[in-house]
Each structure stands twice: as structure tokens, then as C-alpha cells.
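Asker: One structure, as C-alpha cells, below. Some questions next.
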Amino acid sequence: MNRYLKREITILSVDGGGIRGLIPAMVLQDLEKRIARKGKARPLCRVFDMIAGTSTGSIIALGLSAPAAAENGSRHPYGKEPLLSTGDIVDLYSERGIEIFPRRIFNQLQTVKQAFTEKYNSGQFYSILKQTLGDRTLQDALTNVLITTYDMTNDTPLIMKKRPSSMERKKPDPNFYMRDAIMGSSAAPTFFEPVQISTVDGETEHLLVDGSVFASNPAMCAFVEAQKIFPRARHYTILSLGTGEQVQSYSKQQIRSWGFIEWVLPLKGVPLASIMNTGQGKCVNYQLQYLPGVSYHRLNIPITGCNRSMDDASPQNIECLKEKARALIQNHDAQLDSLARQFA
């Protein structure tokens with residue numbers, strides 16, 4: 002049977018959140034182990050019909066779907082097995098996060114600098130992606146993928162996709178190197194500079210910033226796209242993973258006199274961006290929860306006690322995030338077991 006005539010569709014969606022991507026990475030590592038115990042071990046790129054990611058979620062989405070090199074003698078450069086395991090992705094966050102977000106001694110000085118230019122040089126991040134993913138492109142992905150980013154040149158969302166070539170459309174989807182797609186989706190304003198990239202064929206250029214500016218939770222984008230790919234589908238199971246809830250409240254006394262600076266001040270957690278991201282994510286959760294034909298599973302946890310910043314890759318915060326991931330897994334033990342049985 003043609004897999005694109007399937008009636009039961011599975012979707013994985015991973016939020017943005019910088020180094021906090023360690024939390025969903027650990028959840029997926031646990032889920033993969035449960036699936037192996039329930040049935041036959043198989044990589045998550047063969048469990049999910051579509052994998053979507055925003056910002057740090059793009060690292061996980063493309064990390065799970067990037068193909069390994071083909072065996073010697075093959076006419077194609079890539080095979081059908083994944084390049085990275087879920088454990089490899091966990092290690093990328095826990096062991097190399099400090100290279101992407103180097104620790105700063107003079108934090109107050111860095112906050113002042115961040116008001117006038119990006120906080121980090123993206124060169125090391127790009128180097129890690131190039132070393133890991135090489136020249137793999139979105140069209141090489143082992144399953145359907147969706148990556149969100151925002152094109153500043155055209156002032157419009159840009160959703161990068163890998164979809165089946167058999168779909169009827171006027172022209173093929175633009176193809177991008179995986180490393181470039183991740184850089185564009187992760188270019189959070191004030192943290193990394195906007196990313197200028199071109200399609201693989203060099204015909205089109207884009208100036209990109211973080212996809213979280215419009216889709217901090219890309220689950221709805223993924224659902225809409227899956228409906229196009231699988232026109233005969235009758236039911237969708239969506240696993241949506243957060244990167245830790247930032248529990249924050251403000252009193253009237255606190256914010257009544259805020260001006261522009263306070264609303265975007267990094268020391269306050271950039272309240273305006275935080276509100277927009279949280280609001281968008283909760284709106285998506287509400288909508289998908291009540292759609293007919295959709296089983297929506299949202300897993301997230303408050304990160305109270307950890308640094309809520311997306312760029313604290315210190316050993317202390319990494320350990321705190323790991324503890325939160327373990328607690329999230331424990332809190333949803335029965336739900337993860339049920340999903341594992343369904344996916345096995």
C-alpha cells in the first residue's frame with residue numbers, strides 16, 4: 002500500500018527553546034526505548050509520518066531524519082538508516098551546548114552589548130552543524146519534515162519542507178541544506194544574527210530569523226501540511242513536545258510604568274517575546290485539543306529552579322534540565338507507554 006494513502010497518521014512536533022531542547026531530546030530517547038520493548042526496535046524517522054521543528058526543535062527534527070552514508074558500492078550517497086540516534090542528539094545538547102552558547106563572566110556587560118548587537122557569534126554553531134550534517138539537504142530526509150523560519154527580505158513566514166515527490170504541485174519544493182535550515186530557524190533575534198542563505202541550486206536567497214517569532218509550537222503548521230500529504234487520512238496522532246514552561250507572573254505595580262526597554266530587556270527575560278511565544282503555543286494547544294479526528298498529546302513541564310534562558314549551557318543548568326526531563330517522563334509514564342504500544 003502506498004504510504005501516502007494511509008488513514009492513521011503520526012506527527013511529531015518540537016517547540017523552540019535553545020539549550021532547553023535537551024528536555025524533548027531526552028523524552029524522545031525514552032520513547033524510542035519503550036517502542037523497542039513493546040515491539041520491534043526502529044528509529045523515530047520510521048515511527049512518525051511527519052516531524053516538525055521550530056528553532057531548537059529544528060535540530061531535533063532534522064537530526065532524527067538525516068540519513069547516514071550509504072554502504073560502499075551504492076550509487077547514492079545516503080542510505081535508509083538515520084545518521085544520528087536519539088542518544089547522539091541528547092549528547093549534542095549536553096556536551097556541545099557550551100560551544101554554541103559559551104559562558105560569559107561579565108553577564109551585565111553582555112546584557113548591555115545584547116541591546117546593540119547579537120549576543121553570540123554563530124560561526125561555532127554553524128561549524129558544529131557542518132561537521133555533523135555535511136551537505137545533506139531537506140530532500141534527503143528519511144521522512145516528511147517541516148521547519149519554520151521567518152524571511153525578513155519578504156517579510157513573511159518561510160516554511161521549509163520535505164514532502165513526497167509524488168504530490169501533485171506546479172513545481173518542486175525549494176531545497177535547502179539541513180545545516181542552513183537549522184541556522185535560519187534558530188537565528189533568535191538578539192542572540193544570533195539573521196542568516197543569509199540560498200537554496201541548494203543557488204537560485205533564491207533568503208534573510209532568515211528564528212521561526213519562533215510566529216510558530217513557537219509548530220504543531221498546527223505540521224497538522225495542516227499533513228492533511229495535504231495524506232488526503233485520505235481519517236485520524237492524526239500528534240505528539241507535541243515543549244522545552245519547559247516559563248512560569249512567570251507580573252503585578253500591575255511591576256509593569257504599570259514599563260517603557261520600551263523593560264518590555265524587551267534580557268535581564269527581565271524579554272517579557273514581550275516571552276508573552277508572544279507562550280500565547281502562540283497555548284493557542285495551538287487549545288485548537289488541536291478540540292479538533293475532530295485528532296489525538297493531541299502535549300508534554301511539557303515547568304522549569305522552576307532552572308535558568309529559563311535559552312542560552313545557559315552551564316553544567317549546573319544542564320543537570321537541572323536533565324532532572325526536569327526525567328520528571329516529565331515520570332509524570333507522563335502511562336501516556337508514553339500507551340504511545341509506545343501504538344507506535345510499536
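Residue numbering for the sequence shown follows this note's numbering, starting at 2 and increasing by one per position.
No residue lacks a Cβ here, since even glycine has one placed at the ideal position from N, Cα and C.
Please state the DSSP three-state secondary structure of N145.
Answerer: Here N145 sits in strand by DSSP.
Asker: Verify whether the separation of the beta carbon atoms of A227 and I61 is less than 8 Å.
Answerer: Contact: no.
Asker: In terms of residues, what are the limits of the beta strand (DSSP E) holding A69?
Answerer: First-last of the beta strand (DSSP E) with A69: 68 to 70.
Asker: Taking I20 as part of the beta strand (DSSP E), name the residues at either end of that continuous run.
Answerer: No beta strand (DSSP E) contains I20, which DSSP labels as neither H nor E.
Asker: Are V28 and L329 touching if we call contact CB-CB under 8 Å?
Answerer: Yes, they are a contact pair.
Asker: One question on the structure: do T305 and V248 come within less than 8 Å of each other, judged by their Cβ atoms?
Answerer: Yes, they are a contact pair.
Asker: Rank E246, G294, M277 by C-alpha distance to the C-alpha of R8 and give the top, closest one.
Answerer: Comparing Cα-Cα distances from R8 to each of E246, G294, M277, the minimum goes to G294.
Asker: Can you tell me where the alpha helix (DSSP H) with Y287 in it begins and where it stops?
Answerer: Segment 272 to 290, the alpha helix (DSSP H) holding Y287.
Asker: Considering only residues of the same chain and omitting the five flanking positions on each side of K95, which have a CB-CB separation below 8 Å?
Answerer: Just to set this straight, residue 95 is Ser in the shown sequence, not Lys. L23, I319, K323, listed in sequence order.
Asker: Report the three-state DSSP secondary structure of S59 (helix, strand or coil).
Answerer: Reduced to three states, the DSSP call for S59 is helix.
Asker: For a test of the three-state rule: what should DSSP assign to P195, helix, strand or coil?
Answerer: Three-state result, P195: coil.
Asker: Determine the contact status of L32 and G64, defining contact as a CB-CB distance below 8 Å.
Answerer: Taking 8 Å as the Cβ cut-off, L32 and G64 do not qualify as a contacting pair.
Asker: Following the continuous beta strand (DSSP E) through R299, name the residue where it begins and the one where it ends.
Answerer: Residues 295 to 300.
Asker: Could you please give the first and the last residue of the uninterrupted alpha helix (DSSP H) stretch that includes I319?
Answerer: Start and end: 316 to 332.
Asker: Run the CB neighbour count on M168, radius 10 Å, all protein chains shown included, and call it buried at 16 or more, exposed below.
Answerer: Its Cβ having fewer than 16 others within 10 Å, M168 is exposed.
Asker: In chain order, what residues of the same chain have a beta carbon less than 7 Å from the beta carbon of E100, not counting five sequence neighbours either side?
Answerer: Taken in chain order, the residues that qualify are Q125, I129.
Asker: Please say whether G243 and S56 have beta carbons closer to each other than 8 Å?
Answerer: For S56 and G243, no; Cβs fall outside 8 Å.
Asker: Leaving out five residues on either side along the sequence, give the residues of the same chain with a beta carbon under 8 Å from the beta carbon of G88.
Answerer: Same-chain partners within the cutoff: Q30.
Asker: What residue does the alpha helix (DSSP H) around L159 start on, and which one ends it?
Answerer: Note, L159: premise wrong, no alpha helix (DSSP H); beta strand (DSSP E) at 157 to 163.
Asker: Hey, out of Q281, K162, T138, whose CA is closest to E145's CA?
Answerer: It should be noted that the sequence gives Asn, not Glu, for residue 145. Out of Q281, K162, T138, K162 has the C-alpha closest to the C-alpha of N145.
Asker: For C307, count neighbouring C-beta atoms within 10 Å of its own C-beta (all shown protein chains included) and say buried if the count is 16 or more, exposed if not.
Answerer: C307 is buried by the Cβ-count criterion.
Asker: With a cut-off of 8 Å on the beta carbons, I'd call K68 and D141 a contact; round off their distance for me.
Answerer: One point to set straight first is that residue 68 is Pro, not Lys, in the sequence displayed. Indeed, because the Cβ distance is near 6 Å, the residues count as touching under 8 Å.
Asker: What does the Cβ neighbour count give for L110, buried or exposed, with the cut at 16 atoms within 10 Å?
Answerer: At L110 the pLDDT is 41, less than 50, meaning the model places this residue with poor confidence; the figure from the coordinates comes in the next sentence. Result: exposed.
Asker: Whose CA, out of G17, G18, I36, E194, lies closest to the CA of S339?
Answerer: Out of G17, G18, I36, E194, I36 has the C-alpha closest to the C-alpha of S339.
Asker: Residues in the same chain with beta-carbon distance under 8 Å from H298, minus the five sequence neighbours each way, listed in chain order, please.
Answerer: The answer, listed in chain order, is T238, I239, L240, S241, Q336, L340.
Asker: Tell me S14's beta-bridge partners as DSSP assigns them.
Answerer: A53, S241.
Asker: Could you tell me whether the Cβ atoms of G245 and G18 are closer together than 8 Å?
Answerer: Yes; because the gap between Cβ atoms is below 8 Å, this pair is in contact.
Asker: Going by the beta-carbon positions, is the gap between G58 and A71 smaller than 8 Å?
Answerer: Result no, Cβ atoms of G58 and A71 do not sit closer than 8 Å.
Asker: Under three-state DSSP, which class holds E82?
Answerer: In the structure shown, E82 sits in a strand (DSSP, three-state: E or B).
Asker: With a 10 Å radius around its C-beta and 16 neighbouring C-beta atoms as the bar for buried, classify K41 as buried or exposed.
Answerer: Exposed, since its Cβ has fewer than 16 Cβ neighbours within 10 Å.
Asker: For V214, report the span of its alpha helix (DSSP H) as first-last.
Answerer: Note, V214: alpha helix (DSSP H), 213 to 216.
Asker: Need the endpoints of the alpha helix (DSSP H) that W264 sits in, please.
Answerer: First-last of the alpha helix (DSSP H) with W264: 261 to 265.
Asker: What residues in its chain sit with their C-beta under 6 Å from that of S199, if we drop five residues either side in the sequence?
Answerer: Counting only Cβ-Cβ distances below 6 Å, and skipping sequence neighbours, we find E206.
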